[in-house]
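Undergrad: The sequence shown lines up with residues 3 to 548 when you count with this note's numbering. Below is one structure. I have some questions about it.
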Amino acid sequence: MSVSIDSVLHMKAFSDVKMIAGHKGINRKIQNVYVMEVPDIFPYIDREGLLFTTLYPIVNDEEAMRSFIPKLAEKGLAGVAIKLGRYIKKVPEYMIEQANHYHLPIIILPEKANLSTLTNHILTTLLGMKTNMLEFRENISHQLHTLLLQGANMEKFVEYVSKITGGSIVILDNSLNCVASSIPFNYDSLAINKENFYRVIDAPHSNNETQDILKIDEKVYQTNQLYIQSIAAGRKKLGYLVVLFDQNKETTEHIEIIIEQAIILLAFLLQTEQTIIEKERNYLDSFVRDIMNGRYQSQAEIIEKAKVFRWSFNFPNVIMLIKSNIDDSSKRLSSYYKILDSERIPRIISSIFDVPIQNCKVIYYNDELLCFISVAFETRLTERLKRAGNEIIASLKDYGEMGVSISDPIYQMNQVKVAYDHALLVHHIYYSTQRSGSFVEFYRDLGLYKLFHLVNDQNSLKDYMNDKIGIVIDYDQQRDMDLLGTLFYLVKHKGNLQKTADDMYIHYNSLRYRVNKLKELGLTLDDGHAFTEIAVACKLYQYLNV
C-alpha cells in the first residue's frame with residue numbers, strides 16, 4: 003500500500019482538482035509534499051515528492067517558466083499541483099507538452115483551494131501508512147525472533163518466510179550453491195546465470211526485465227519472477243536470499259520488510275552454523291590424524307567415534323584424494339573450503355553408489371581433499387569409482403584442474419595410513435608425468451611405481467638409475483640439450499621415431515640427431531632387453547624426483 007498520484011485524485015479533499023497532463027505518470031508514488039515559495043526551489047525538493055505551487059515566484063520569468071517542468075522531471079518528482087486564478091489563469095501549452103513528454107502529472111487546483119489543508123491531508127495519510135509499516139515491521143520481527151527462540155533450524159525458518167511472503171525461498175552461499183530451500187529439489191540441479199544474477203542483486207525487479215536468472219529442475223525464473231537480497235554481517239558476506247514467484251509479481255513494501263527482517267536473523271543463523279562447522283572440522287581433522295598415526299587400538303572404537311561426525315565409517319573403505327593444480331596456495335585453500343561447503347562430493351558419491359551420504363566423509367587434509375568412502379562389498383567398484391572421479395572433476399570445473407587418485411580397498415584400520423600413502427603416491431606420479439590436466443587414476447594401475455615404493459633401500463634404486471641413464475642426466479646438466487626428455491618420449495612410444503618426433507613437435511631429423519647423441523653416450527636403443535632396462539631407469543627417475 004502506498005500514496006500515488008491516482009490515490010490522491012480519489013481523496014475527498016481533492017474532489018475539485020483535475021489532471022491535465024502527464025497521464026502516463028498517474029501511478030507515480032508520493033513520499034513527501036513541498037510548497038514552492040521561492041524561485042530556486044530545486045535544491046529543497048527530492049524524488050517522489052508532490053510540489054504545490056501558484057507559480058508566483060517565477061510567473062514573470064519566461065526562462066524559468068520554460069525550464070520548470072524539465073527540472074522537476076530531472077529531480078524525479080512525482081508531480082506538480084498548480085493553483086490557478088490569482089497569479090496565472092492558464093497553464094502554458096508548452097508546459098503541458100513538456101509534462102506529457104516526461105510523463106510528469108500536472109494537477110490543476112481551483113482558485114479557492116487551501117494549500118495547507120491539501121498538503122496536510124496527504125502528509126497525514128503518509129504518516130498513517132508509515133506508522134502501519136512500523137507496526138508491521140515490529141510484528142514480523144517478533145514472529146521471526148520467536149521462531150528462532152523456539153529452536154527452529156534453517157529449513158523451518160526458510161519455510162516460514164516462504165509462507166508469509168507467498169513465494170518460494172532459496173538460500174545460496176557466496177559461491178551460489180544452495181544451502182537451504184523451501185521447495186524440495188536436487189540442489190545440484192540448480193543452474194544460475196551468474197552475470198544476470200549479480201546484476202539484479204539488491205535491486206527490486208522490474209516487469210520490463212525478462213532475463214533468465216536461474217533454473218530449478220526444468221522451471222526457469224526470470225528477472226520479474228524473483229527478488230534477490232544479499233545476506234551479510236557487517237562487511238562479511240554470507241550469501242543470498244532469493245524469493246521466487248511462479249507468476250510475475252511486483253515487489254511490495256510488505257515483502258521488502260519481511261525480507262529485511264529475515265536477513266538479519268539469517269545472518270545470525272549462517273554465522274552460527276559456520277562457527278559450528280569450523281569447530282567440527284577441527285575436531286574431525288584431529289580424529290583423522292589420530293587414525294593415521296595409529297593412536298586407536300580398536301576398530302570398533304573408530305567406527306563409534308565417527309558417528310559423532312555423522313559419518314558411517316565402515317570397512318571395506320576406499321580413500322580418494324582430490325588435489326587442485328592451482329599454484330596460488332591461498333586461492334587453492336579458498337577453493338577447497340568452497341568445495342567442502344557445497345557438499346558436492348558426498349552427493350556425487352551417494353548418487354553413484356546408491357548409499358546414504360553419511361557413507362562418505364570429505365575433509366581438508368595436508369593441502370588436499372581427503373575422501374573416505376565406505377563401499378561395503380561393492381560390485382563393479384573400479385567402474386563406479388572411475389565414474390565418480392570423472393563426475394567430481396566435471397562438477398568442480400569452475401575451480402580449475404583436479405587430480406583424483408584412488409587407493410586399493412581398505413579392510414582393516416591399520417591399512418588406512420598405507421592406503422593414504424598409496425593414493426598420495428598416485429597423485430605425485432601422475433602429476434610429475436602429466437604436469438597439467440585433470441585425471442582419475444588408481445594405485446592398482448601404477449605398475450612399476452608400486453614395486454619401487456616397496457623398496458626400502460632408495461640408494462640401490464638410485465644406483466640402478468645412474469648406471470643406466472646417469473650419463474644422460476650429467477650431459478643435460480652441462481649442455482642443456484634435454485636428451486633425458488627425449489629419452490622419456492622414446493620410451494613412451496616404444497622407440498618409434500616418427501611418433502616421438504610428432505609428440506615432441508620437433509623435426510624428424512632433429513630427433514635423429516638426438517638419438518645418435520644418446521647412442522654416442524653409450525645407450526643401446528636397438529636391443530629389446532637393454533631398451534627395457536633404460537625404460538625402467540626412466541620410470542625410476544620420475545619416481546625418485548616426485
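Ideal Cβ positions, reconstructed from N, Cα and C, are used throughout, including at glycine.
Between which two residues does the alpha helix (DSSP H) containing N511 stretch?
TA: In the sequence shown, residue 511 corresponds to position 509, counting from 1. Counting along the chain, the alpha helix (DSSP H) containing N511 begins and ends at Y510 to E522.
Undergrad: How should T19 be labelled, buried or exposed, when 16 other C-beta atoms within 10 angstroms of its C-beta is the threshold for buried?
TA: Working through the sequence shown from its first residue, we reach residue 19 at position 17. It should be pointed out that residue 19 corresponds to Val in this sequence rather than to Thr. The residue is buried, with at least 16 neighbouring Cβ atoms inside 10 Å.
Undergrad: Please check the pair S409 and Y445, which I expect to be a contact at CB under 8 Å, by giving their CB distance rounded to whole angstroms.
TA: If you number the sequence shown from 1, residue 409 lands on position 407. If you number the sequence shown from 1, residue 445 lands on position 443. At roughly 5 Å, the Cβ-Cβ gap stays under 8 Å, so S409 and Y445 are in contact.
Undergrad: Is the separation between the beta-carbon of I293 and that of I304 shorter than 9 Å?
TA: Translated into the one-based positions of the sequence shown, residue 293 becomes position 291. Translated into the one-based positions of the sequence shown, residue 304 becomes position 302. Yes; because the gap between Cβ atoms is below 9 Å, this pair is in contact.
Undergrad: So E443 is in the beta strand (DSSP E); what residue range does that whole segment cover?
TA: Position 441 of the sequence shown, counted from the first residue, corresponds to residue 443. F441 to F444 is the span of the beta strand (DSSP E), which, as asked, contains E443.
Undergrad: Tell me which residue opens and which closes the alpha helix (DSSP H) that T534 is part of.
TA: Translated into positions along the sequence shown, residue 534 becomes position 532. G530 to L546 is the extent of the alpha helix (DSSP H) around T534.
Undergrad: Could you work out which residue in V10, D478, E64 and E140 is closest to G51 when comparing CA atoms only?
TA: Counting from one through the sequence shown, the residue named residue 51 turns up at place 49. Nearest option by C-alpha distance: V10.
Undergrad: Hey, would you say M415 sits closer than 9 Å to Q301, going by beta carbons?
TA: The residue given as residue 415 occupies position 413 in the sequence shown. The residue given as residue 301 occupies position 299 in the sequence shown. Contact flag set, yes.
Undergrad: Since T225 and V202 are thought to touch, with beta carbons under 8 Å apart, how far apart are those beta carbons, to the nearest angstrom?
TA: Within the sequence shown, residue 225 is the residue found at index 223, counting from 1. Within the sequence shown, residue 202 is the residue found at index 200, counting from 1. So it is a contact: roughly 6 Å between Cβ atoms.
Undergrad: On the CB-based measure, 16 or more other CB atoms within 10 Å of its CB, does E280 come out buried or exposed?
TA: Locating residue 280 in the sequence shown gives position 278, counting from the first residue. Answer is exposed; the Cβ neighbour count stays below 16.
Undergrad: Check this for me: beta carbons of M38 and F16, under 9 Å apart or not?
TA: Here residue 38 refers to the residue found at position 36 when the sequence shown is read from its first residue. Here residue 16 refers to the residue found at position 14 when the sequence shown is read from its first residue. Result no, Cβ atoms of M38 and F16 do not sit closer than 9 Å.
Undergrad: Can you list, in chain order, the residues of its chain with a C-beta nearer than 8 Å to that of E282? Leave out the 5 residues immediately preceding and following it.
TA: The sequence position of residue 282 within the sequence shown is 280, counting from 1. Cβ within range, chain order: F311.
Undergrad: Here's the rule: buried if 16 or more other CB atoms are within 10 angstroms of the residue's CB, otherwise exposed. What is E370?
TA: As a first step, residue 370 must be located in the sequence shown, where it is residue number 368. The residue is buried, with at least 16 neighbouring Cβ atoms inside 10 Å.
Undergrad: F247 to A83, Cα distance in whole Å?
TA: For this step, residue 247 is matched to residue 245 along the sequence shown. For this step, residue 83 is matched to residue 81 along the sequence shown. Using only the alpha carbons, I get a separation of about 38 Å.
Undergrad: Is the shortest distance between the beta-carbon of M38 and the beta-carbons of chain C less than 9 Å?
TA: Of the chains in the structure shown, none is chain C; there is only one protein chain.
Undergrad: For the alpha helix (DSSP H) containing F490, list its first residue and its last residue.
TA: Taking the first residue of the sequence shown as position 1, residue 490 is located at position 488. Looking at the DSSP string, the run of the alpha helix (DSSP H) that includes F490 is L485 to K494.
Undergrad: When you compare only the Cα positions, how much space is there between S191 and F454?
TA: Numbered from its first residue, the sequence shown carries residue 191 at position 189. Numbered from its first residue, the sequence shown carries residue 454 at position 452. Spanning the two alpha carbons is a distance of roughly 44 Å.
Undergrad: For K363, count neighbouring Cβ atoms within 10 angstroms of its own Cβ and tell me buried if that reaches 16, exposed if not.
TA: For the purposes of this step, residue 363 is identified with residue 361 of the sequence shown, where counting begins at 1. K363 is buried by the Cβ-count criterion.
Undergrad: Less than 9 Å between the beta carbons of I431 and L448, yes or no?
TA: Position 429 of the sequence shown, counting from 1, holds the residue named residue 431. Position 446 of the sequence shown, counting from 1, holds the residue named residue 448. Result yes, Cβ atoms of I431 and L448 sit closer than 9 Å.
Undergrad: In chain order, which continuous runs of the beta strand (DSSP E) of length 3 or greater are located wholly inside the region 354-413?
TA: DSSP runs (the beta strand (DSSP E)) wholly in the region 354-413: 362-366, 371-376 and 404-408.
Undergrad: Count the other C-beta atoms from every protein chain shown that fall within 10 angstroms of the C-beta of F159, then say buried if there are 16 or more, exposed otherwise.
TA: For the purposes of this step, residue 159 is taken as residue 157 along the sequence shown, with counting starting at 1. F159 is buried by the Cβ-count criterion.
Undergrad: What's the C-alpha gap between V172 and L125?
TA: If you number the sequence shown from 1, residue 172 lands on position 170. If you number the sequence shown from 1, residue 125 lands on position 123. About 38 Å.
Undergrad: Output the boundary residues of the alpha helix (DSSP H) element that contains Q100.
TA: Position 98 of the sequence shown holds residue 100. First-last of the alpha helix (DSSP H) with Q100: E95 to Y104.
Undergrad: Checking 9 Å against the spacing of the C-beta atoms, do V428 and L546 come in under that value?
TA: By one-based count along the sequence shown, residue 428 stands at place 426. By one-based count along the sequence shown, residue 546 stands at place 544. No, the pair does not count as a contact, with Cβ atoms beyond the cut-off.
Undergrad: Helix, strand or coil: how does DSSP classify N209 here?
TA: The sequence position of residue 209 within the sequence shown is 207, counting from 1. The predicted position of N209 is uncertain, since its pLDDT is 47 and thus under 50; a value taken from the coordinates is nonetheless stated next. The answer is coil: DSSP assigns N209 none of H, G, I, E or B.
Undergrad: For L151, count neighbouring Cβ atoms within 10 angstroms of its own Cβ and tell me buried if that reaches 16, exposed if not.
TA: Stepping through the sequence shown from its first residue, residue 151 is reached at position 149. Per the 10 Å Cβ criterion, exposed.
Undergrad: Within 8 Å: the Cβ of R349 and any heavy atom of the ligand NAP?
TA: This structure lacks the ligand NAP, and indeed carries no ligand of any kind.
Undergrad: So what does F54 bridge to, in DSSP terms?
TA: Position 52 of the sequence shown, counted from the start, is the residue given in the question as residue 54. Per DSSP, V37 and A83.
Undergrad: For N209 and T148, I'd like the C-alpha separation in whole angstroms.
TA: Looking up residue 209 in the sequence shown gives position 207. Looking up residue 148 in the sequence shown gives position 146. At N209, the pLDDT of 47 sits below 50, so the modelled position is not reliable and the matter cannot be decided from this model.
Undergrad: Considering only DSSP beta bridges, list what Q231 is partnered with.
TA: Locating residue 231 in the sequence shown gives position 229, where the first residue counts as 1. Q231 is bridged to L243.
Undergrad: Is L513 closer than 9 Å to L527 when the C-beta atoms are compared?
TA: Stepping through the sequence shown from its first residue, residue 527 is reached at position 525. Stepping through the sequence shown from its first residue, residue 513 is reached at position 511. Contact: no.
Undergrad: Under three-state DSSP, which class holds S6?
TA: If you number the sequence shown from 1, residue 6 lands on position 4. Three-state DSSP puts S6 in a strand.
Undergrad: Return the Cβ separation of I351 and A390 in integer angstroms, given the expectation that the two are a contact with Cβ distance under 8 Å.
TA: Start at 1 with the first residue of the sequence shown, and residue 351 comes out as number 349. Start at 1 with the first residue of the sequence shown, and residue 390 comes out as number 388. About 6 Å separates the two Cβ atoms, so the contact holds.
Undergrad: Taking all protein chains shown into account, decide if Y338 is buried (16 or more other Cβ within 10 angstroms of its Cβ) or exposed.
TA: Start at 1 with the first residue of the sequence shown, and residue 338 comes out as number 336. Buried.
Undergrad: Tell me which residue opens and which closes the beta strand (DSSP E) that Q224 is part of.
TA: Residue mapping note: residue 224 aligns to position 222 of the sequence shown, counting from 1. Element bounds for Q224: K221 to Q224.
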